[in-house]
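Colleague: In numbering that gives the first Met the number 0, the protein residues as written are 0 to 209.
I'd like to ask some things about the structure below.
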Amino acid sequence: MGSLHVLDHPLLQHKLTILRDKNTGVKEFREIVGEISALMCYEATRNLPTMEVEVETPISMAKVKVLAGKKMAIVPILRAGLGMVDAMIQLVPSAKVGHIGLFRDPETHEPVQYYCKMPPDISERQVFVVDPMLATGGSASAAIKILKEEYGCKHITLMDILAAPEGVEVIRKDHPDVDIYVTAVDEKLNDHAYIVPGLGDAGDRIFGTK
0 MGSLHVLDHP LLQHKLTILR DKNTGVKEFR EIVGEISALM CYEATRNLPT MEVEVETPIS
60 MAKVKVLAGK KMAIVPILRA GLGMVDAMIQ LVPSAKVGHI GLFRDPETHE PVQYYCKMPP
120 DISERQVFVV DPMLATGGSA SAAIKILKEE YGCKHITLMD ILAAPEGVEV IRKDHPDVDI
180 YVTAVDEKLN DHAYIVPGLG DAGDRIFGTK
């Protein structure tokens, strides 16, 4: 059964405040998204399995631990999710990266897939789906469904910097086996499906398109 993990570390909360500030510029916003992603990745990978190996230090032989079993894959939801990938790759260079592109149909408001490319061994990996915002939950739920049904993924974690209660509920209902990691759950969604108080449009603020 998946759980909701709200990461309230002081460093994360401080950096989230910078993201929320409307006066934070594109360069700083992009950098802070990366820093938050790295700190979140550190927490979200806490339960990765390890195995014991032996290495020789300059002093003596030592029994130590390395990552074992399933390797990682990072799957950003395009386009804003791209802003979280580089910092995670720096922590886990062996991770492979897949991409899912989704847009919301203006009439049905349902997510429509326009791009999907995955590593060939994605089903054997611990998959981290990343997107700065979990608003309605529609895109995240659709991405997870694609990974499960089309690629056979069984070990999926969702990482979002910020969430709305509505989005969390959708993921819990649609994918009760998926762990969710966020730095905060905000008050609600407004009439335009923006998180309140939120931080605006993460994609626009990362890429400077507004």
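Glycine included, each C-beta is placed from N, C-alpha and C at the ideal position.
I'd like the list of long-range same chain contacts for threonine 16, defined as Cβ closer than 8 Å, with 5 residues on each side in sequence excluded.
Modeller: For the purposes of this step, residue 16 is identified with residue 17 of the sequence shown, where counting begins at 1. There are no such residues.
Colleague: Glycine 197 and aspartate 185 - do their beta-carbons sit closer together than 9 Å?
Modeller: By 1-based counting over the sequence shown, the position of residue 185 is 186. By 1-based counting over the sequence shown, the position of residue 197 is 198. Yes, the Cβ-Cβ distance between aspartate 185 and glycine 197 is below 9 Å.
Colleague: Thinking C-alpha only, which one of Ile194, Phe28, Gly100 is nearest lysine 14?
Modeller: Start at 1 with the first residue of the sequence shown, and residue 14 comes out as number 15. The residue with the shortest Cα to Cα distance from lysine 14 is Phe28.
Colleague: Does the pairing of the region 37-53 with the region 76-89 give three or more beta-carbon distances under 8 Å?
Modeller: Yes, they touch.
Colleague: Would a C-beta distance cut-off of 9 Å place isoleucine 76 and alanine 183 closer than the cut-off?
Modeller: For this step, residue 76 is matched to residue 77 along the sequence shown. For this step, residue 183 is matched to residue 184 along the sequence shown. Contact: no.
Colleague: Mind checking whether glycine 136 and cysteine 115 have CB atoms under 9 Å apart?
Modeller: For the purposes of this step, residue 136 is taken as the residue at position 137 of the sequence shown. For the purposes of this step, residue 115 is taken as the residue at position 116 of the sequence shown. No. Outside cutoff.
Colleague: Answer yes or no: does any C-beta atom of chain C fall closer than 9 Å to that of cysteine 40?
Modeller: Checking the listed chains, one finds no chain C in this structure; it contains a single protein chain.
Colleague: The beta strand (DSSP E) with lysine 64 in it runs from where to where?
Modeller: The residue you call residue 64 lines up with position 65 of the sequence shown. Counting along the chain, the beta strand (DSSP E) containing lysine 64 begins and ends at 60-66.
Colleague: Could you tell me whether the Cβ atoms of alanine 139 and valine 128 are closer together than 9 Å?
Modeller: For the purposes of this step, residue 139 is taken as the residue at position 140 of the sequence shown. For the purposes of this step, residue 128 is taken as the residue at position 129 of the sequence shown. Taking 9 Å as the Cβ cut-off, alanine 139 and valine 128 qualify as a contacting pair.
Colleague: Tell me, please, which residues DSSP counts as bridged to glycine 100.
Modeller: By 1-based counting over the sequence shown, the position of residue 100 is 101. DSSP output for glycine 100 lists Leu77, Tyr114 as bridge partner(s).
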